[in-house]
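Trainee:
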Amino acid sequence: MSGSHAAARVYRLRKLSEVPIDFQRRGLVQVLLLWFDEHGRDLPWRRTRNAYAIWVSEIMLQQTQVQTVIGYWERWMREFPETKSLAKAPEERVLKLWEGLGYYSRARNLWRAAQQLVAVRGSLLPSTVEELMELPGIGRYTAGAIASIAYNQPAAILDGNVIRVLSRLMSMAGDPKGAENQKRLWAEARLWVEAATAEQLGVTQNRYGDINQSLMELGATLCTPTKPRCSDCPIASGCRAFHLGTPETFPQLAARPATQRRWFATALIRCQGRVLVSRRPQDVVNGGYWEFPNCELDSADADPAQAIGVFLGIDSARFQQCGEIRHSITRFRILQRLVGTEVASCGRLRQCLPGGKWVTLAELESLHLTGPHRKLARRLWRNG
Ligand code: SF4
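Here the sequence shown is numbered in my numbering, starting from 1311 and rising by one per residue.
Rendered as structure tokens:
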């Protein structure tokens, strides 16, 4: 049996009610770190303490799965290995590298923050939560993650995984996003970090970043939203939800807003071997990305050819329906209904569409498109 497992087993022999809460937390911190040392996943951004590399990973990991992020992070770090190279990159290139990751304001905020850093701090990321939070796109969670992981500062973090773990450990009643519960959770997260000192652990270095990563890792791998693997959990002895036999009932999240359906008509218009696209304004969702001309429909039954014809000022009889694409963004379930046509003259249509231009299929490949429109572009490629 490995050292960490032995420690976990010994600790499990204690009865929760017999152990004073602070002592309990100290023991749990120790066991959780042993578990993390042995079972933590080998992720590329865990092989460095470079603050910029950790910052990029934390921003990419918001709302996105680890497996998806790995390739994006590696490509990004190859092209923009430090703040300076990101700051001087053209916006188009930054958005292109982010293409397909979604929540595109994250890319623009990273880029703006890099420019701010180069302009005022000689490109170095600050090490305190307060200073980090002055940068675009960095909130309390991300600031805590950078400060603790890159600079080993005693800064707490609270993301979805940590909220789930702590809510279960505390068997916390009520919505964890409520103001009072948020205070309790941040306070508890701080106590976990503060218990990871070199002195308490009997090691040579504080392990503030590691304890934060251990809590996140536990939430991502064992303490999952459904079917948590409590029998493998190193800190089950200190978990109130486990002792109650109801771990899945925590956290007690408020009901999510109901999903909402939306429908769009999207037009694939060709002219002399080129296709019409337009650029979204900067100040809207997915601002700055390219897309095929589209307009929202009132209902599932609305005629997409009719709607796009009115939108572009073209006779709707010229359009043929050519398929559908479904995708989801947050609570929205979106159906894009596709219509296509070929026109003889390119000039007038481009003028009807603000920010519009005609591009060849090769040029389309080099533009940055949002995920669903990239799917459409691939369909165009396949069909020639
Ligand atoms: S015992 Fe189960 S519910 Fe409690 S922290 Fe571990 S995995 Fe989560």
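The beta carbon of each residue, even a glycine, is placed where N, CA and C say it ideally should be.
The ligand SF4 and residue 1346: does any heavy atom of the ligand fall closer than 8 Å to the residue's C-beta?
Mentor: No, the Cβ of residue 1346 stays beyond 8 Å of every heavy atom of the ligand SF4.
Trainee: Is the beta carbon of residue 1396 closer than 9 Å to that of residue 1404?
Mentor: For residue 1404 and residue 1396, yes; Cβs fall inside 9 Å.
Trainee: Determine the burial state of residue 1458: buried for a count of at least 16 other Cβ atoms within 10 Å of its Cβ, exposed for fewer.
Mentor: When all chains shown are included, residue 1458 counts as buried.
Trainee: Return yes when the C-beta of residue 1339 is under 8 Å from any heavy atom of the ligand SF4, and no when it is not.
Mentor: It does not: the Cβ of residue 1339 is nowhere closer than 8 Å to a heavy atom of the ligand SF4.
Trainee: Rounded to a whole number of angstroms, what is the C-alpha to C-alpha distance between residue 1614 and residue 1637?
Mentor: Between residue 1614 and residue 1637, the C-alpha separation is close to 17 Å.
Trainee: Using only CA atoms, which one of 1580, 1368, 1605 lies nearest to residue 1522?
Mentor: Ranking 1580, 1368, 1605 by Cα distance to residue 1522 puts 1368 first.
Trainee: Report buried or exposed for residue 1676, applying the criterion of at least 16 other Cβ atoms within 10 angstroms of its Cβ.
Mentor: Exposed: under 16 other Cβ atoms inside 10 Å.
Trainee: In terms of residues, what are the limits of the beta strand (DSSP E) holding residue 1604?
Mentor: That run of the beta strand (DSSP E) goes 1604-1607.
Trainee: How long is the line joining the alpha carbons of residue 1391 and residue 1505, rounded to whole angstroms?
Mentor: Each residue's Cα considered, the two are about 34 Å apart.
Trainee: Which residues have their C-beta within less than 7 Å of a heavy atom of the ligand SF4, listed in chain order?
Mentor: Chain-ordered list of matching residues: 1475, 1478, 1479, 1528, 1532, 1533, 1538, 1539, 1540, 1543, 1545, 1546, 1549, 1551, 1552, 1557.
Trainee: If you drop the 5 nearest sequence neighbours on each side, which residues of the same chain put their C-beta closer than 7 Å to that of residue 1682?
Mentor: Result list for residue 1682: 1635, 1637, 1646, in chain order.
Trainee: Any contact of the stretch 1440-1447 with the stretch 1497-1504, i.e. 3+ C-beta pairs under 8 Å?
Mentor: The stretch 1440-1447 vs the stretch 1497-1504: no contact.
Trainee: Hey, quick one: how far does the alpha helix (DSSP H) through residue 1553 stretch, first residue to last?
Mentor: Element bounds for residue 1553: 1550-1554.
Trainee: Do residue 1666 and residue 1578 have their CB atoms nearer than 9 Å?
Mentor: No; because the gap between Cβ atoms is not below 9 Å, this pair is not in contact.
Trainee: Determine the direct distance from the alpha carbon of residue 1672 to that of residue 1584, and round the result to whole angstroms.
Mentor: Roughly 10 Å between the two C-alpha positions.
Trainee: Taking Cβ positions, are residue 1353 and residue 1376 nearer each other than 9 Å?
Mentor: Yes, they are a contact pair.
Trainee: Residue 1520: buried (16+ other C-beta within 10 angstroms of its C-beta) or exposed?
Mentor: Looking at its Cβ environment, which holds 16 or more other Cβ atoms inside 10 Å, residue 1520 is buried.
Trainee: If we define contact as Cβ-Cβ less than 9 Å, is residue 1356 a contact residue for chain C?
Mentor: The chain labelled as chain C is not found in the depicted structure, where only one protein chain is given.
Trainee: Taking contact to mean at least 3 C-beta pairs separated by less than 8 Å, is the stretch 1457-1471 in contact with the stretch 1356-1366?
Mentor: Yes, the stretch 1457-1471 touches the stretch 1356-1366.
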